[in-house]
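Undergrad:
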Amino acid sequence: MHPAASPGPNSGVPIPPDIAALSFEDALAELERIVRQLEEGRGKLDDAISSYERGTALKRHCELKLREAQAKIDRITVSADGSLGTEPARID
């Protein structure tokens, strides 16, 4: 189950539940479609504003998914005595 809306990263504005339920890949595909549509510049202003707002929420959702994935990635380390361990990966 998803909450009514989850907070977006670095934003007090919640991510709508329908977007929060999307996988990273589905959200990114929809975001790319919206960007193409806005770049074409066709359509009504109100529709463009709605698309822009949805695109913003999709972008925040994708960023959140990427941060969650990054937090799960561990790097295998070898200590001076040869024992193995893990530490969070640094992805720059």
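Heads up: the sequence shown begins at 7 in my numbering, then just goes up one per residue. Just so it is clear, CB atoms sit at the ideal spot from N, CA and C, and this is done for glycine as well.
#1: When DSSP labels each residue in this structure, what does residue 21 get in the three-state scheme?
#2: Would you report the Cα separation of residue 82 and residue 55, rounded to the nearest angstrom?
#3: How should residue 26 be labelled, buried or exposed, when 16 other C-beta atoms within 10 angstroms of its C-beta is the threshold for buried?
#4: Roughly how many angstroms lie between the CA atoms of residue 39 and residue 90, to the nearest whole one?
#5: Please report how far the alpha carbon of residue 44 lies from the alpha carbon of residue 95, in whole angstroms.
#6: Let me know if residue 79 comes out buried or exposed under the rule of 16 or more other beta-carbons within 10 Å of its beta-carbon.
TA: Taking the structure as given:
#1: strand
#2: 46 Å
#3: buried
#4: 45 Å
#5: 36 Å
#6: exposed
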